[in-house]
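**Student:** Just so we're aligned: 36 in full-length UniProt numbering is position 36 of the sequence shown, and the numbers increase by one with no gaps anywhere.
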Amino acid sequence: MKAVVGETVVAEAANDAVVRMEGNVYFPPDSVVAGVLRDSPTPYTCPWKGRAQYHDVLVGETVLNDGAWSYPDVNESAVARVGRDFSGYVAFDGRQVRIET
Numbered sequence: 001m002k003a004v005v006g007e008t009v010v011a012e013a014a015n016d017a018v019v020r021m022e023g024n025v026y027f028p029p030d031s032v033v034a035g036v037l038r039d040s041p042t043p044y045t046c047p048w049k050g051r052a053q054y055h056d057v058l059v060g061e062t063v064l065n066d067g068a069w070s071y072p073d074v075n076e077s078a079v080a081r082v083g084r085d086f087s088g089y090v091a092f093d094g095r096q097v098r099i100e101t
């Protein structure tokens with residue numbers, strides 16, 4: 001799986017390493033290219049996953065505001081629901097970032 005902005009790969013992981021939920025693909029933190037994410041101040045709390053951290057995606061001169069998000073500390077019930085701890089995994093906004101298989 002790849003997350004791509006223009007022709008630049010910003011995250012890449014094996015298919016079995018990502019977590020899929022609610023139509024999004026969450027990449028493991030170590031699969032995201034260093035330096036492409038900058039924390040955003042946008043607040044959001046999911047009722048079942050917990051507090052989200054939005055990120056701007058930076059690729060060269062391009063800044064995609066709130067182009068990605070993660071859940072630094074997911075609720076235990078969310079881990080049970082998904083069947084895997086996805087704390088820190090990063091999902092990308094499919095309207096701004098192309099997800100390839």
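Glycine included, every Cβ here is placed at the ideal spot set by N, Cα and C.
Quick caveat: nothing in here was measured; it's all calculated off a predicted structure.
In angstroms, rounded to a whole number, what distance separates the CA positions of residue 47 and residue 79?
**Tutor:** About 13 Å.
**Student:** Quick check: what's the CA-CA separation for residue 26 versus residue 66?
**Tutor:** One C-alpha to the other measures close to 15 Å.
**Student:** Hey, out of 84, 95, 38, 98, whose CA is closest to residue 20's CA?
**Tutor:** Out of 84, 95, 38, 98, 84 has the C-alpha closest to the C-alpha of residue 20.
**Student:** Pull up the DSSP beta-bridge partners for residue 98, would you.
**Tutor:** DSSP output for residue 98 lists 4 as bridge partner(s).
**Student:** Between which two residues does the beta strand (DSSP E) harbouring residue 38 extend?
**Tutor:** 37-39 is the span of the beta strand (DSSP E), which, as asked, contains residue 38.
**Student:** For residue 4, which of 55, 33, 87, 45 has the nearest alpha-carbon?
**Tutor:** Checked all of 55, 33, 87, 45; the closest Cα to residue 4 is 33.
**Student:** Should residue 97 and residue 57 be called a contact, given that it needs their Cβ atoms to be closer than 8 Å?
**Tutor:** Going by C-beta atoms, residue 97 is nearer than 8 Å to residue 57.
**Student:** Hey, how far is the Cα of residue 92 from the Cα of residue 24?
**Tutor:** Rounded to whole angstroms, residue 92 to residue 24 spans 8 Å at the Cα level.
**Student:** Is residue 11 helix, strand or coil when you go by DSSP?
**Tutor:** Three-state DSSP puts residue 11 in a strand.
**Student:** Tell me, to the nearest whole angstrom, how far the beta carbon of residue 90 is from that of residue 29; I am working on the premise that it is less than 8 Å.
**Tutor:** Residue 90 to residue 29, Cβ: 7 Å. Contact.
**Student:** Apart from the five residues on each side of it in sequence, which residues of its chain come closer than 7 Å, Cβ to Cβ, to residue 54?
**Tutor:** If we look at residue 54 and ignore the five residues flanking it on each side, its Cβ neighbours are 40, 42, 44, 66, 69.
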